[in-house]
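Numbering of the sequence shown is given in our numbering, commencing with residue 121 and proceeding in unit increments.
Glycine is no exception: its CB is placed at the ideal position from the N, C-alpha and C atoms.
The structure displayed is predicted, hence computed values, not measured ones.
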Amino acid sequence: MQPTIGIRPIIDGRWGGIRESLEDQTRRMAQSAKKLIESNLFYTDGTPVRVVVYDGTIGGGAEAAKCKEFFDTQNVVGTLSVTPCWCYGSETIDLDPSTVKAVWGLNATERPGAVYLAAAMAIHAQRGLPAFAIYGRDVQDKDDENITPDVAEKILRFAKAAIAVGSMRNKAYVGLGSVSMGIGGSFLDGNLMQKYFGIRAEWVDMSEINRRITLGIYDKKEYEKELAWIKANCKEGIDTNANPKTREEKDKQWEFIAKMTLAIKDIMIGNPKLNDIGWHEEALGRNAILGGFQGQRMWTDWLPNADFSESILNTSFDWNGKKEPLILATENDTLNGMSMLFEKLLSYQASIFADVRTFWSPEAIKRVTGWTPTGRAKDGFMHLINSGAAALDGTAMSKNEKGESVIKPWWEMNKKDIDACMSKTDWCQANLGYFRGGGFSSHFKTEAEIPVTMMRMNMVDGLGPVIQIAEGYTAVVPDDVQKTLWDRTDPTWPSTWFAPRLTGKGAFKDVYSVMANWGANHGAFTYGHIGADIITLASMLRIPVSMHNVDEDKIFRPHAWTAFGTEDKEGADYRACANYGALYK
Numbered sequence: 121m122q123p124t125i126g127i128r129p130i131i132d133g134r135w136g137g138i139r140e141s142l143e144d145q146t147r148r149m150a151q152s153a154k155k156l157i158e159s160n161l162f163y164t165d166g167t168p169v170r171v172v173v174y175d176g177t178i179g180g181g182a183e184a185a186k187c188k189e190f191f192d193t194q195n196v197v198g199t200l201s202v203t204p205c206w207c208y209g210s211e212t213i214d215l216d217p218s219t220v221k222a223v224w225g226l227n228a229t230e231r232p233g234a235v236y237l238a239a240a241m242a243i244h245a246q247r248g249l250p251a252f253a254i255y256g257r258d259v260q261d262k263d264d265e266n267i268t269p270d271v272a273e274k275i276l277r278f279a280k281a282a283i284a285v286g287s288m289r290n291k292a293y294v295g296l297g298s299v300s301m302g303i304g305g306s307f308l309d310g311n312l313m314q315k316y317f318g319i320r321a322e323w324v325d326m327s328e329i330n331r332r333i334t335l336g337i338y339d340k341k342e343y344e345k346e347l348a349w350i351k352a353n354c355k356e357g358i359d360t361n362a363n364p365k366t367r368e369e370k371d372k373q374w375e376f377i378a379k380m381t382l383a384i385k386d387i388m389i390g391n392p393k394l395n396d397i398g399w400h401e402e403a404l405g406r407n408a409i410l411g412g413f414q415g416q417r418m419w420t421d422w423l424p425n426a427d428f429s430e431s432i433l434n435t436s437f438d439w440n441g442k443k444e445p446l447i448l449a450t451e452n453d454t455l456n457g458m459s460m461l462f463e464k465l466l467s468y469q470a471s472i473f474a475d476v477r478t479f480w481s482p483e484a485i486k487r488v489t490g491w492t493p494t495g496r497a498k499d500g501f502m503h504l505i506n507s508g509a510a511a512l513d514g515t516a517m518s519k520n521e522k523g524e525s526v527i528k529p530w531w532e533m534n535k536k537d538i539d540a541c542m543s544k545t546d547w548c549q550a551n552l553g554y555f556r557g558g559g560f561s562s563h564f565k566t567e568a569e570i571p572v573t574m575m576r577m578n579m580v581d582g583l584g585p586v587i588q589i590a591e592g593y594t595a596v597v598p599d600d601v602q603k604t605l606w607d608r609t610d611p612t613w614p615s616t617w618f619a620p621r622l623t624g625k626g627a628f629k630d631v632y633s634v635m636a637n638w639g640a641n642h643g644a645f646t647y648g649h650i651g652a653d654i655i656t657l658a659s660m661l662r663i664p665v666s667m668h669n670v671d672e673d674k675i676f677r678p679h680a681w682t683a684f685g686t687e688d689k690e691g692a693d694y695r696a697c698a699n700y701g702a703l704y705k
């Protein structure tokens, strides 16, 4: 059963006129919230989020207990308590420590729903159960059943993040291999995964992929279909190697890569077709919601790299057409993998893995190319580029109904979008100096200026996980400028120019400061400005945000965070997260 939002209709428990007069209004409030959530939010498989409403109203502890009993059968991960009136705080609130909580108190004068909201927040704080307070800015009439835009925004932000929390719970991160090239994020920390996300850490040696390829533990028909699609659609790009592989050797690499892609996918999520060929344990998979592949160097020094596998699994389509992206982190960077997962859960879109490679100042750009940056690029930009393992959605070739360049939720992809992304992608033979075993790197540039959010999760000794967020835009530069700058890094890798939105202060004083404050060599980005959603999700998981450029009025955290300070909200976030600790003790 998918993670579910449970709505708790809360009512004044006094029978004899008061409760009876409020029953219908309270139930309608609950149904309105249910309709709002179901009409706007989705699971990552594209189906609408499931919402259940307690079949009754809650006026005291006995009814609160019955509601909990019902929710326990429905996989409720987040509860929204709604009321238009005064109710009894400690008798009616959700005391289940396993659920994420919010309370919506109607801002009306006839019945003091807002008074209950304040009382409920005080009780939640006293009991160590952080809850989100939802309260409209403008007073409504008691018979006004419309959900105002500000209330709707908070309900949806809460529910989306709560579903993300529930979607991670009891899933697995599958680490294929170990630490790549000494990268700290490649260390798969089982305690971090368990205590902060409810995710099981699974370690699988890379030799398991080779075993499956050698013994034929994969779907042969699917392999033939995949390989035929590769031959027909994956055109090869430039080969910069002084001593290139022969055509026969490259063809063998493609065959190996196709099998490797199937093996990785099957290891992560299983494949019932393996039962048909007698591999029952392998058919089960490992219940992964994400994973990572080490690659360098123990694998790539003698076998083809996983750039194609990582690109296509992270992409919103493959040889079978549109499909849900399966997060696979390059170099087994578990922390960047979690960043990609956050972006997928909150946007339903592919996330693009990249090195945060270079800051190009306007002066440096002009010195090297002769071009004076304008538009999005006027303050300079950061070069996001990695070894050809990026999702092809990063071409920004998909179009919405207005003809605008976007990255779409995968279920909205169509053949025209897929063909457009493929038309701007070729596959370059790996640099054999880096990858002695060969392989093919996805090679494209982000073709349009689109709004994006870049994120990174970092681990700090004595502090734990922290999150960085940078909203901004991709930039497009003239072709000759693109070539000159691209060639200085690696012309065979995918390239995105990222211009963060500047605030003129702190880490967002200028683009250089964003680069200088970034916590690691990797980042992940997706379409749209979703920083506020990330902040809400981080607060549910008790992970502080160390750096962001999200508008202040968009930030939505549990009400108890105000008790840790209202002037310095970043500091208050750190203090609150430290006080409550990891979500799963």
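Give the secondary structure of residue i by DSSP, where H, G and I count as helix, E and B as strand, and everything else as coil.
| i | result |
| --- | --- |
| E369 | helix |
| H563 | strand |
| H649 | coil |
| R548 | The amino acid occupying residue 548 in the given sequence is Cys; Arg does not appear at that position. Strand at C548. |
| E322 | strand |
| P123 | coil |
| A253 | strand |
| N425 | coil |
| I303 | coil |
| V634 | helix |
| A511 | coil |
| W480 | strand |
| R128 | strand |
| F462 | helix |
| G626 | helix |
| Y593 | strand |
For the candidate residues the options, whose alpha-carbon lies nearest to that of residue i?
| i | options | result |
| --- | --- | --- |
| R170 | S287, Q414 and D371 | S287 |
| R417 | G133, L583, G233 and S306 | S306 |
| R677 | E211, G209, K188 and K274 | K274 |
| Y338 | K385, K154, E369 and W349 | K385 |
| V580 | E402, A222, V665 and E401 | V665 |
| D607 | I587, N641, M574 and H563 | H563 |
| F428 | E690, F560 and D216 | F560 |
| D453 | K522, K291, L308 and V220 | L308 |
| T164 | K498, F555 and K443 | K443 |
| K340 | D396, V526, T616 and A245 | D396 |
| P129 | Y174, S141 and E140 | Y174 |
| E567 | K705, S615 and L605 | S615 |
| L347 | M388, N440, R257 and V285 | N440 |
| I663 | P493, P232, H649 and A696 | A696 |
Using the Cα positions of residue i and residue j, report the straight-line distance between them to the nearest angstrom.
| i | j | result |
| --- | --- | --- |
| E532 | S467 | 13 angstroms |
| A484 | Q602 | 14 angstroms |
| A251 | G412 | 34 angstroms |
| V223 | T334 | 56 angstroms |
| P620 | T177 | 47 angstroms |
| I377 | D438 | 14 angstroms |
| L312 | Q260 | 44 angstroms |
| M241 | I350 | 56 angstroms |
| A383 | G582 | 38 angstroms |
| G685 | N699 | 13 angstroms |
| E402 | G390 | 7 angstroms |
| G626 | A636 | 11 angstroms |
| G643 | K154 | 35 angstroms |
| N434 | D216 | 36 angstroms |
Check the C-beta distance from residue i over to residue j and give it rounded, since I have them as a contact under 8 angstroms.
| i | j | result |
| --- | --- | --- |
| T199 | G225 | Going by Cβ atoms, the distance from T199 to G225 rounds to 14 angstroms, so no, they are not a contact pair. |
| T646 | S471 | 5 angstroms |
| W480 | G500 | 5 angstroms |
| V586 | M502 | Actually they are not in contact, since the Cβ atoms of V586 and M502 sit about 20 angstroms apart, beyond 8 angstroms. |
| N195 | Q122 | 7 angstroms |
| P482 | K464 | Contact flag wrong, Cβ pair sits at about 34 angstroms. |
| I409 | A292 | 7 angstroms |
| K623 | N669 | Per the sequence shown, the amino acid found at residue 623 is Thr instead of Lys. At roughly 5 angstroms, the Cβ-Cβ gap stays under 8 angstroms, so T623 and N669 are in contact. |
| D318 | N290 | A small correction: the amino acid at residue 318 is Gly; Asp does not occupy that position in the sequence shown. Going by Cβ atoms, the distance from G318 to N290 rounds to 6 angstroms, so yes, they are a contact pair. |
| N641 | D475 | 6 angstroms |
Confirm the yes/no value for this check: CB of residue i, any heavy atom of the ligand FAD, distance under 7 angstroms.
| i | result |
| --- | --- |
| F676 | For the structure depicted, the ligand FAD is absent and the ligand set is empty, with no information on it obtainable. |
**Study point:** Cβ contact (3+ pairs, closer than 8 angstroms) linking the segment 359-379 and the segment 453-462
**Key:** Flag = no, the segment 359-379 and the segment 453-462 do not touch.
Practice item. Would you be able to state if there are at least three C-beta pairs under 8 angstroms between the segment 287-301 and the segment 317-326? Key: These segments touch.
**Study point:** Three or more C-beta pairs below 8 angstroms linking the segment 533-544 and the segment 590-602
**Key:** The segment 533-544, when compared against the segment 590-602, does not touch it at the 8 angstroms Cβ threshold.
Review point. Can at least three beta-carbon pairs, one atom from the segment 671-688 and one from the segment 252-266, be found at a separation below 8 angstroms?
Key: These segments touch.
Practice item. May I ask you to verify whether the segment 652-668 touches the segment 267-284, counting CB pairs closer than 8 angstroms and requiring at least 3? Key: Taking 8 angstroms as the limit for Cβ pairs, the verdict is that the segment 267-284 does touch the segment 652-668.
Check your understanding: With contact counted as at least three CB pairs below 8 angstroms, one residue from each stretch, are the segment 201-220 and the segment 147-163 in contact?
Key -> A contact exists between the segment 201-220 and the segment 147-163.
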